[in-house]
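Peer 1:
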Amino acid sequence: MNGPPDTPPTEGDSVDRALAALGPNLPVALGRVRRHRRLAGGASGSAVHLLSLDGGREVVLKVTGGGDRARRELGFYREVADRLPVRTPRLLAGAETPDGRTVLLLTHARPAPPPDRWSARDWDDAAAQLGALHRPEVLESAAGGGRLTRGDVGGAAAAAHGVRAAWRRLGRERLAEPLLDQAAEFDAALSRLPACLCHGDWHADNLLRDADGEFVWIDWQEVGLGHGPGDLALLWQRAEFDGAEPPREAMLAAYARARGIPLDATLRSATVAAELRMVLYGWPDHLGGVDVSRRDIVLGRLTRLAEEWETLAPVTATPARPRRGGGAGVPPESPSGAGR
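Everything in the sequence shown is counted per our numbering, starting at 1321 for the first residue and increasing by one.
#1: Between which two residues does the alpha helix (DSSP H) carrying residue 1591 extend?
#2: Compute the Euclidean distance between the alpha carbons of residue 1560 and residue 1620, then round it to the nearest angstrom.
#3: Please tell me whether residue 1432 and residue 1528 are closer than 8 Å, where the distance is taken between their beta carbons.
#4: Can you check which of these residues, 1582, 1402 and 1554, is closest to residue 1458 by C-alpha distance?
#5: Can you tell me whether residue 1616 sits near the ligand HEM, meaning its C-beta is under 7 Å from at least one heavy atom of the ligand?
#6: Comparing C-alpha positions only, which one of 1536, 1434, 1521 and 1389 sits nearest to residue 1407?
#7: Smallest Cα separation from residue 1399: which of 1617, 1540 and 1502?
#8: Give the straight-line distance between the Cα atoms of residue 1567 and residue 1505, rounded to the nearest whole angstrom.
#9: Quick one: Cα of residue 1341 to Cα of residue 1544, how far?
#10: Classify residue 1451 as buried or exposed, calling it buried when 16 or more other Cβ atoms lie within 10 Å of its own Cβ.
#11: Let me check one thing: in DSSP terms, what residues is residue 1556 bridge-paired to?
#12: Smallest Cα separation from residue 1600: which of 1503, 1631, 1430 and 1577?
#13: Could you check if residue 1393 is buried or exposed, using at least 16 other CB atoms within 10 Å of its CB as the buried criterion?
#14: From the DSSP output, in three-state form, read off residue 1513 for me.
#15: Do you know offhand how far residue 1612's Cα is from residue 1494's?
#16: So, with DSSP's three-state summary, where would you put residue 1408?
#17: With a 10 Å radius around its C-beta and 16 neighbouring C-beta atoms as the bar for buried, classify residue 1595 as buried or exposed.
#18: Beta carbon of residue 1558, beta carbon of residue 1658: below 8 Å?
#19: Pull up the CB-CB distance for residue 1607 and residue 1618, whole angstroms please, since I reckon it's below 8 Å.
#20: Counting C-beta neighbours from all protein chains within 10 Å, is the total for residue 1454 16 or more, i.e. buried, or is it exposed?
#21: State the Cα-Cα distance for the pair residue 1359 and residue 1631, rounded to the nearest angstrom.
#22: Helix, strand or coil, according to DSSP, for residue 1620 in the structure here?
#23: Excluding the 5 residues flanking residue 1500 on each side, which residues of the same chain have their C-beta closer than 7 Å to its C-beta?
#24: Which residues in the same chain as residue 1363 place their Cβ atom closer than 6 Å to its Cβ, once the five residues preceding and following it in sequence are excluded?
#25: Hey, would you say residue 1427 sits closer than 8 Å to residue 1441, going by beta carbons?
#26: Using 10 angstroms around the beta-carbon of residue 1588, count the other beta-carbons present and answer buried if the total reaches 16, otherwise exposed.
#27: Using beta-carbon positions only, say whether residue 1416 and residue 1391 come within less than 8 Å of one another.
#28: Considering only the alpha carbon of each residue, which of 1404, 1449, 1586 and 1628 lies closest to residue 1460?
#29: Within a Cβ cutoff of 6 Å, which residues of the same chain sit near residue 1449, ignoring the five residues on either side of it in sequence?
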């Protein structure tokens, strides 16, 4: 691979270098790489390659620029993934390179249908699996949970000024600003649920299928402690933006059953709060450049959420009751993955 010094690396160069970085960590039985192609839409700023091996097998090579999020994902696959009640890719090899990159070699799963083609059972299965992930025993079994602690990844306080300006540019400040003034109330509503292990970037593109047709959960860079409804909010809003109609009520019931918590006003107010935070902080910068019909989906959802929040106001004003695994020190759910 001898080219001029300033020649940018080719895809083949990148794959070769990543495999070389894995070095002795590579499985002996991996075999030779016959072909490779970069998968469209690399997750979380990563380069993701599909490698075709001897015997027709396929694996995924993920190369990330480094940082806390990439190291968190490597640690997750090494120490936490096999303890979870949901299916994840299996880590075949992983390494952090001297220049700060993180390299993962993972088993391959196929894309799921887009959410507008999901069946009622698909939605129910997704909600039940999320509820199982959010159970307290899962958090307890995730050894080294301190490594999974994130800061306020939503950055609500720091972003407040810019968010208000974005809503003014959209001409919707009269709707958004009274809600932005209630950020503390949203956080309080979320904190009434116990802490749990959250995926953090849970949307349909990160739910693949295995050979049995079961969901395989990928892209764990945002995994960390939270209260739960933020995962639901992101799935629902991204799917709705793409033309799907997620059955929120049925999913919330399936989620509550699987998590082992009541389907009550506490859960409903926390879920509405999570959706409000997602729209208010995650969407405004994105909405200015999208088709009006798609923008109206999000704005219509915000209007309905504001109305629902008003009906829940007496609940959200109630002092929080201590709960097992309560939420002290747990950051609010991130709205950062709402828009693309």
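Just so you know, even glycine gets a beta-carbon here, dropped at the ideal spot from N, CA and C.
Predicted model, so just to flag it, every value in this text is computed and none were measured.
Peer 2: From the atom records:
#1: As a position in the sequence shown, residue 1591 is number 271, starting the count at 1. 1585 to 1602 is the span of the alpha helix (DSSP H), which, as asked, contains residue 1591.
#2: Walking along the sequence shown from the start, residue 1560 turns up at place 240. Walking along the sequence shown from the start, residue 1620 turns up at place 300. C-alpha separation (whole angstroms): 11 Å.
#3: Counting from one through the sequence shown, the residue named residue 1432 turns up at place 112. Counting from one through the sequence shown, the residue named residue 1528 turns up at place 208. Yes. Within cutoff.
#4: Within the sequence shown, residue 1458 is the residue found at index 138, counting from 1. Among 1582, 1402 and 1554, the Cα nearest to that of residue 1458 belongs to 1402.
#5: Although the ligand HEM was asked about, the structure shown includes no ligands whatsoever.
#6: Counting from one through the sequence shown, the residue named residue 1407 turns up at place 87. Residue 1407 has its Cα closest to that of 1536, out of 1536, 1434, 1521 and 1389.
#7: Residue mapping note: residue 1399 aligns to position 79 of the sequence shown, counting from 1. The residue with the shortest Cα to Cα distance from residue 1399 is 1540.
#8: As a first step, residue 1567 is located in the sequence shown; it is residue number 247 there, counting from the start. As a first step, residue 1505 is located in the sequence shown; it is residue number 185 there, counting from the start. Their Cα atoms are separated by approximately 26 Å.
#9: Locating residue 1341 in the sequence shown gives position 21, where the first residue counts as 1. Locating residue 1544 in the sequence shown gives position 224, where the first residue counts as 1. Cα to Cα, the separation comes out at about 27 Å.
#10: As a position in the sequence shown, residue 1451 is number 131, starting the count at 1. It counts as buried.
#11: As a position in the sequence shown, residue 1556 is number 236, starting the count at 1. Beta-bridge pairing links residue 1556 to no other residue.
#12: Walking along the sequence shown from the start, residue 1600 turns up at place 280. It is 1503.
#13: For the purposes of this step, residue 1393 is taken as the residue at position 73 of the sequence shown. When all chains shown are included, residue 1393 counts as buried.
#14: Here residue 1513 corresponds to residue number 193 of the sequence shown, with the count starting at 1. Three-state result, residue 1513: coil.
#15: For the purposes of this step, residue 1612 is identified with residue 292 of the sequence shown, where counting begins at 1. For the purposes of this step, residue 1494 is identified with residue 174 of the sequence shown, where counting begins at 1. Their backbone Cα atoms lie some 19 Å apart in a straight line.
#16: If you number the sequence shown from 1, residue 1408 lands on position 88. Note: residue 1408 maps to coil in three-state DSSP.
#17: The count along the sequence shown starts at 1 and reaches residue 1595 at position 275. Residue 1595 is buried by the Cβ-count criterion.
#18: For the purposes of this step, residue 1558 is taken as the residue at position 238 of the sequence shown. For the purposes of this step, residue 1658 is taken as the residue at position 338 of the sequence shown. Yes; because the gap between Cβ atoms is below 8 Å, this pair is in contact.
#19: Residue 1607 sits at position 287 when you count from the first residue of the sequence shown. Residue 1618 sits at position 298 when you count from the first residue of the sequence shown. Confirmed, Cβ separation roughly 6 Å.
#20: Within the sequence shown, numbered from 1, the residue matching residue 1454 stands at position 134. Answer is buried; the Cβ neighbour count reaches 16.
#21: Within the sequence shown, numbered from 1, the residue matching residue 1359 stands at position 39. Within the sequence shown, numbered from 1, the residue matching residue 1631 stands at position 311. The straight-line gap from Cα to Cα measures roughly 45 Å.
#22: As a position in the sequence shown, residue 1620 is number 300, starting the count at 1. In the structure shown, residue 1620 sits in a helix (DSSP, three-state: H, G or I).
#23: Position 180 of the sequence shown, counting from 1, holds the residue named residue 1500. For residue 1500, where only same-chain residues beyond five positions count, the Cβ hits under 7 Å are 1480, 1483, 1484 and 1600.
#24: Along the sequence shown, one-based indexing puts residue 1363 at 43. Bear in mind that a pLDDT of 48 at residue 1363, under 50, signals an unreliable position, so the model cannot answer this.
#25: Taking the first residue of the sequence shown as position 1, residue 1427 is located at position 107. Taking the first residue of the sequence shown as position 1, residue 1441 is located at position 121. Against a cut-off of 8 Å, the Cβ pair of residue 1441 and residue 1427 comes out as no contact.
#26: Mapped onto the sequence shown, residue 1588 falls at position 268. Classification for residue 1588: buried.
#27: Here residue 1416 is taken as the residue at index 96 of the sequence shown, counted from 1. Here residue 1391 is taken as the residue at index 71 of the sequence shown, counted from 1. Taking 8 Å as the Cβ cut-off, residue 1416 and residue 1391 qualify as a contacting pair.
#28: Position 140 of the sequence shown, counted from the first residue, corresponds to residue 1460. Looking at the Cα atoms, 1404 is the closest of the given residues.
#29: Along the sequence shown, one-based indexing puts residue 1449 at 129. Correct list, in chain order: 1406.
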